[in-house]
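A.B. asks: Before anything else, here's the structure in question.
In my numbering, the protein residues as written are 6 to 559.
Here it is, written out as structure tokens:
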């Protein structure tokens, strides 16, 4: 069927639903198995509902369902990717189809990086009025059926809820039932999807007129009260932020103030000035909804996209609270879910462009510039997948080392950790440098390394012990310890901690001899793993009753 499979290639594709009939007729069937997300939402610290301002990204690009609709990837050159997941809290996939089901590749990439994904339910223009009249004015049974279907769709495809956008006027009967519909939808989503969310877009008012308010006020508050949050329109002024903060009270983090990166209309900021809007929004303790950050790709072009993308998000970083990883194992090759080649064990196995966000790895922090240091994505060389992480910088005169923070962590440290690192140094004399991992812990008087006789480290910095060879029980898993090839160096480490809580994982580049000259270096990181030794030595669960379906032989 054309809804589920591309007519030209027969490959499985993601899809949307148009109109009320398609929504009410939707049933899961065996053709849409490919569309079910295979990656559960990873836990994070602090949890999404903790009391601090959040950041929502609303992705709207040329009508949606572009190359990202190909569930098993495509040979797209210079595609759009998003990878600053550590800096955002919610991802919305937006299009102008009635029911926008997020393409599963986005859900997989976001979930792997602890970010929930919302689809969009939108009605607009005259058709929207008719659609709303049909289900909202029809009473409890009619709007209940729509709420039930939307909750079932999110549960079936394993994404996390809905942005609801009613952009047309409503009759008195329809607007009277709207808060009940929102309450019903929110309750159903919460019970069907753990951690599910329903967010309302600032559009119609309590009397049914369509009039964007650019704030929370008494005209739209009844809709905010009926769901998990309000996404405001973009043409706000500072006094509206102040009024919104006052009215929202303890729920100020549930108001997502809209920021249009394309800066359409009378707005503050936009483009590379988006930080101006964020600075104001955060002054009032409100959350932000960044709309169409694909501006970087669409407006500035595909050629220097990765460079421009790092610059854009780097300029906002001070206003974006990050979230930490709180489960092990942590393993990543830094792949972006795209490439100009496919690498395996450091070897270029297949040249040619590819794009598949489901193959995107856990992404690190991307500090734009830490003084003389920059972190970027390198497509020219990788250990596994399509890219590696490139660290470039200089070690200042008289200093021995620089540290680059890769991940923030927040979890109790297991008694024994194994860590692996694959890197490639691009310097004239690689032997003059060492590259190693550093783990920091949260301050606590009871945290010790190894045996209780060792003293606690000042400022909780630990340098895991280098293992020349992996312990026999791990030899198979850690063949990595001496599998460096094609110019890549491999290292294994262990770290024993008692009563500690993990805080950061950094990579340290140091020179063997102090020098009065500054020394420049480029280092590619190909893979980093942090493993709890207890779970590594346990035998993996047995896999039973495997079923293969939807086979296409060529």
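Where a beta carbon is used, it is the ideal one built from N, C-alpha and C, also for glycine.
Would you say residue 365 faces chain B, with C-beta separation under 7 Å as the test?
C.D. replies: Here chain B cannot be found, since the structure has a single protein chain.
A.B. asks: Do you know how far the Cα of residue 380 is from the Cα of residue 530?
C.D. replies: Taking the straight line from one Cα to the other gives about 10 Å.
A.B. asks: Touch check for the region 89-99 and the region 137-156: three-plus C-beta pairs under 8 Å?
C.D. replies: No contact exists between the region 89-99 and the region 137-156.
A.B. asks: CB-CB under 7 Å to residue 535, same chain, minus the five flanking residues each way: which ones, in chain order?
C.D. replies: Result list for residue 535: 333, 334, 335, 422, 424, 510, in chain order.
A.B. asks: Please tell me whether residue 400 and residue 524 are closer than 7 Å, where the distance is taken between their beta carbons.
C.D. replies: Going by C-beta atoms, residue 400 is nearer than 7 Å to residue 524.
A.B. asks: In whole angstroms, what separates the C-alpha of residue 343 from that of residue 254?
C.D. replies: Distance between the alpha carbons of residue 343 and residue 254: 43 Å.
A.B. asks: Can you confirm whether the region 344-354 touches the region 305-321 when touching is taken to mean that 3 or more C-beta pairs between the two stretches lie within less than 8 Å?
C.D. replies: Cβ pair count under 8 Å is below three, so no.
A.B. asks: Using the beta-carbon count (16 or more within 10 Å), is residue 122 buried or exposed?
C.D. replies: Buried, by the Cβ-count rule.
A.B. asks: Residue 409 and residue 394 - do their beta-carbons sit closer together than 7 Å?
C.D. replies: Taking 7 Å as the Cβ cut-off, residue 394 and residue 409 do not qualify as a contacting pair.
A.B. asks: Alpha helix (DSSP H) containing residue 113: first to last residue?
C.D. replies: Start and end: 109-117.
A.B. asks: Would you list the residues sitting across from residue 503 in a DSSP beta bridge?
C.D. replies: Note: residue 503 sits in a beta bridge opposite 453.
A.B. asks: DSSP puts residue 497 in a beta bridge; with which residues?
C.D. replies: BP columns for residue 497 point to 425, 472.
A.B. asks: Pull up the DSSP beta-bridge partners for residue 414, would you.
C.D. replies: Answer is 330, bridged to residue 414.
A.B. asks: State the start and end residues of the unbroken alpha helix (DSSP H) segment that holds residue 181.
C.D. replies: 177-197 is the span of the alpha helix (DSSP H), which, as asked, contains residue 181.
A.B. asks: Residue 160 to residue 197, Cα distance in whole Å?
C.D. replies: Answer to the nearest angstrom: the Cα atoms are 6 Å apart.
A.B. asks: Using 7 Å as the threshold, is the C-beta distance between residue 363 and residue 113 below it?
C.D. replies: Contact: yes.
A.B. asks: Taking its Cβ as the centre, do 16 or more other Cβ atoms sit within 10 Å of residue 54, making it buried, or is it exposed?
C.D. replies: Exposed.
A.B. asks: In chain order, what residues of the same chain have a beta carbon less than 7 Å from the beta carbon of residue 21, not counting five sequence neighbours either side?
C.D. replies: So the qualifying residues of the chain are 70, 100, 102, 104, 105, 106.
A.B. asks: What does a CB cutoff of less than 8 Å around residue 392 pick up in its chain, not counting 5 residues either side in sequence?
C.D. replies: The answer, listed in chain order, is 339, 340, 341, 343, 344, 382, 383, 384.
A.B. asks: Mind checking who residue 63 pairs with in its DSSP beta bridge?
C.D. replies: 97, 296, per the DSSP bridge assignment.
A.B. asks: Nearest to residue 239 by alpha carbon, out of 221, 491, 213?
C.D. replies: Closest option to residue 239, Cα to Cα, is 221.
A.B. asks: Going by DSSP in three states, residue 106 sits in which element: helix, strand or coil?
C.D. replies: Coil.
A.B. asks: Going by DSSP, which residues form a beta bridge with residue 223?
C.D. replies: Residue 223 is not bridged to any residue.
A.B. asks: Is it true that the CB of residue 429 sits closer than 7 Å to the CB of residue 492?
C.D. replies: Going by C-beta atoms, residue 492 is nearer than 7 Å to residue 429.
A.B. asks: Would you tell me roughly how many angstroms separate the C-alpha atoms of residue 125 and residue 357, rounded to the nearest one?
C.D. replies: Going from the Cα of residue 125 to the Cα of residue 357 covers about 34 Å.
A.B. asks: Starting from residue 29 and walking both ways along the alpha helix (DSSP H), at which residues does that stretch end?
C.D. replies: Per DSSP, residue 29 belongs to the alpha helix (DSSP H) from 24-30.
A.B. asks: Here's a check: name, in chain order, each residue in its chain whose Cβ is nearer than 7 Å to the Cβ of residue 321, leaving out the five neighbours to either side.
C.D. replies: Hits under 7 Å: 279, 280, 283.
A.B. asks: Looking only at its own chain, which residues have a Cβ that is under 6 Å from the Cβ of residue 457, when we skip the five neighbours before and after it?
C.D. replies: Here residue 457 scores only 46 on pLDDT, less than 50, and its place in the model should not be relied on; the value that follows carries that caveat. Taken in chain order, the list of residues that qualify is empty.
A.B. asks: Please name the residue in 442, 289, 445 whose C-alpha comes closest to that of residue 260.
C.D. replies: The shortest Cα separation from residue 260 among 442, 289, 445 belongs to 289.
A.B. asks: Kindly indicate which residue of 326, 141, 190 has the alpha-carbon position closest to the one of residue 59.
C.D. replies: The option with the nearest alpha carbon to residue 59 is 326.
A.B. asks: Smallest Cα separation from residue 264: which of 244, 25, 275?
C.D. replies: Closest by alpha carbon: 275.
A.B. asks: Please classify residue 411 as buried or exposed, where buried requires at least 16 neighbouring CB atoms within 10 angstroms.
C.D. replies: Buried is the call here.
A.B. asks: What are the residues that DSSP puts in a beta bridge with residue 5?
C.D. replies: As shown, the chain starts at 6 and ends at 559. That puts residue 5 outside it, with no answer to give.
A.B. asks: In three-state terms, what does DSSP make of residue 367?
C.D. replies: Three-state result, residue 367: coil.
A.B. asks: Cα separation between residue 109 and residue 77?
C.D. replies: Their Cα atoms are separated by approximately 10 Å.
A.B. asks: Could you pull out every residue in the same chain whose Cβ sits closer than 8 Å to the Cβ of residue 459, ignoring the five residues on either side in sequence?
C.D. replies: At residue 459 the pLDDT is 49, less than 50, meaning the model places this residue with poor confidence and gives no usable figure here.
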